[in-house]
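For my numbering, add 20 to where a residue sits in the sequence shown, where the first one is 1.
Report on the following structure.
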Amino acid sequence: MRILAVDDDPIILDFLCDPDVLGGTHVITPVSCAADALRAIAEADTPFDALLIDIYLPGQNGMALCGAVRKLNDYDQTPIVIMTASNDVDLIQEAFSAGATDFVRKPFDGLELLTRVLVAETLADAVQKRREAQIRVNSLSVLLTDAFSLLPPQSAQTGLLRYMELENRLLTAPQGCHALHLFHIMVPHAERTPKPQEAEAFAADLRAVASAALSSGNHKMDLAYAGHGLFVGVTYGRRCESMSALQINIVKSLIEAGQDRIADGITCGSISGTRVWTSRTAVAAVRHFVNVHADCSGSGDVMDDELFEVA
21 MRILAVDDDP IILDFLCDPD VLGGTHVITP VSCAADALRA IAEADTPFDA
71 LLIDIYLPGQ NGMALCGAVR KLNDYDQTPI VIMTASNDVD LIQEAFSAGA
121 TDFVRKPFDG LELLTRVLVA ETLADAVQKR REAQIRVNSL SVLLTDAFSL
171 LPPQSAQTGL LRYMELENRL LTAPQGCHAL HLFHIMVPHA ERTPKPQEAE
221 AFAADLRAVA SAALSSGNHK MDLAYAGHGL FVGVTYGRRC ESMSALQINI
271 VKSLIEAGQD RIADGITCGS ISGTRVWTSR TAVAAVRHFV NVHADCSGSG
321 DVMDDELFEV A
């Protein structure tokens, strides 16, 4: 464990740095004042796992240093052990209010000091695991919020929409009948639910497929991801997209980009042979196809239509 020790008494610092006191597994960085402590924190390549801070320091005292440390992004949960020779309960309570997690009395009792450090180590391990879990959750949240968030902003040229945006675009079309071709792209590689740690790579695979599809089509195309490896799309006008040509072009584009793994097994097909639709019948057809093939109502699938929920 990497520990930052802050005390203006060099004897105390030498004592804490002695491997026989806290054990040789800990790396102690000794500093003598709050300013040096904040400098050491700022210059550290990785955050310290725990801090030992004397309550009385020259200039900014230990409690003020606690408060300053707690405002730093990487130190909001880091164990901070206050060192004090005072028996003033109010003073110790003030230290806890400032952000300390524990305290140890001076002069040190070797066993008590070691116990406090071991408690801090246990807490530091828990904090690290919580941070790693949060990173995985954040990655998955990006995927759940918008798997295509790293693509350029939506424009009429890209045709890349959230699923609900695709439905809304169809529903808000002028009244009457429209020449539309409703189609799907199935990506077997993306059918399974991704693990949290796979979220970023999973989203990148989806973006690769979407980019390949949009660049492969011969007509203006709107495309949306519906979950379970299923994209649904619409082309406009009397000329419908050739599904066999689209499939060949998507696979070819992915292979040329070194994405052979994703390209394997991709299929394209029409959702319906109907070519003339009203807005509502087109949406109903898309929804039915999605419900059957992507099971968007499935509680266990993170890639349902809420993936692109409009805020």
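Even glycine gets a Cβ: it sits at the ideal position worked out from N, Cα and C.
From the DSSP output, read off the bridge partner residues of residue i.
i: T287; result: M206
i: M103; result: D74 and V124
i: L250; result: M206 and G247
i: I23; result: I48 and A70
i: L181; result: A244
i: V296; result: A199
Among the options, which one has its Cα closest to the Cα of residue i?
i: I100; options: D108, L111, L85 and N93; result: L85
i: P127; options: F35, S273 and S290; result: F35
i: V207; options: H198, G249, I48 and N188; result: G249
i: T98; options: Y76, N81 and R150; result: R150
i: E261; options: L202, A314, A230 and T298; result: L202
i: Q267; options: V252, G289, G247 and G257; result: G289
i: S106; options: A120, R125 and A140; result: R125
i: V51; options: T66, G196, I31 and E132; result: I31
i: L186; options: A246, L234 and D225; result: A246
i: A144; options: H46, S273, R307 and A244; result: H46
i: A283; options: V306, S299, A233 and M241; result: A233
i: L72; options: R182, A62 and M83; result: M83
i: L200; options: R307, L58 and V303; result: V303
i: L129; options: V41, C197, A265 and A193; result: Residue 129 is actually Asp in this sequence, not Leu. Among V41, C197, A265 and A193, the Cα nearest to that of D129 is on V41.
i: A62; options: G87, L92 and P39; result: L92
i: A265; options: H239, E276 and V312; result: H239
i: G196; options: W297, R136 and E276; result: W297
i: G257; options: R281, F222 and R295; result: R295
i: V139; options: E152, T121, Q148 and A153; result: T121
Who are the Cβ neighbours of residue i in its own chain at under 7 angstroms, not counting the five residues just before and after it?
i: F123; result: V101, I102, T104, I112 and A115
i: Q177; result: Its pLDDT being 41, under 50, Q177 is placed unreliably by the model, and nothing is read from it.
i: A57; result: L24, V26, V51 and L85
i: M263; result: F203, C288, G289 and S290
i: S273; result: A232, S235 and S236
Assuming the contact rule is C-beta atoms closer than 8 angstroms, residue i and residue j should be a hit. Round their C-beta distance to whole Å, please.
i: A55; j: I23; result: Contact flag wrong, Cβ pair sits at about 19 angstroms.
i: G278; j: T255; result: Rounded, the Cβ-Cβ distance is 28 angstroms, inconsistent with contact.
i: I286; j: I155; result: Going by Cβ atoms, the distance from I286 to I155 rounds to 31 angstroms, so no, they are not a contact pair.
i: D74; j: D27; result: 4 angstroms
i: V310; j: V252; result: 6 angstroms
i: L190; j: A230; result: That belief does not hold up - the Cβ atoms of L190 and A230 are roughly 18 angstroms apart, past 8 angstroms.
i: M21; j: E152; result: That pair is no contact at about 16 angstroms.
How is residue i classed by DSSP in three states: helix, strand or coil?
i: M83; result: helix
i: L191; result: helix
i: A277; result: coil
i: P78; result: coil
i: P127; result: coil
i: A64; result: coil
i: M241; result: strand
i: L92; result: coil
i: H46; result: coil
i: T255; result: strand
i: A199; result: strand
i: T142; result: helix
i: Q267; result: helix
i: E114; result: helix
i: Q97; result: coil
i: C260; result: coil
i: C37; result: helix
i: D56; result: helix
i: A314; result: coil
i: G29; result: It is Asp, not Gly, that sits at residue 29 in the sequence shown. If DSSP states are grouped into helix, strand and coil, D29 belongs with coil.
Got a sec? Which residues, its chain only, sit under 6 angstroms from residue i by beta carbon, not counting five neighbours each side?
i: E326; result: With a pLDDT of 33 at E326, under the threshold of 50, the modelled position of this residue cannot be trusted; read the value that follows with caution. Cβ within range, chain order: n/a, list empty.
i: L77; result: D28, C53 and A54
i: V89; result: Y95
i: V137; result: L42
When the cut-off is 8 angstroms and only beta carbons count, does residue i lie next to chain C?
i: L266; result: Absence of chain C from the displayed structure is noted, only one protein chain being present.
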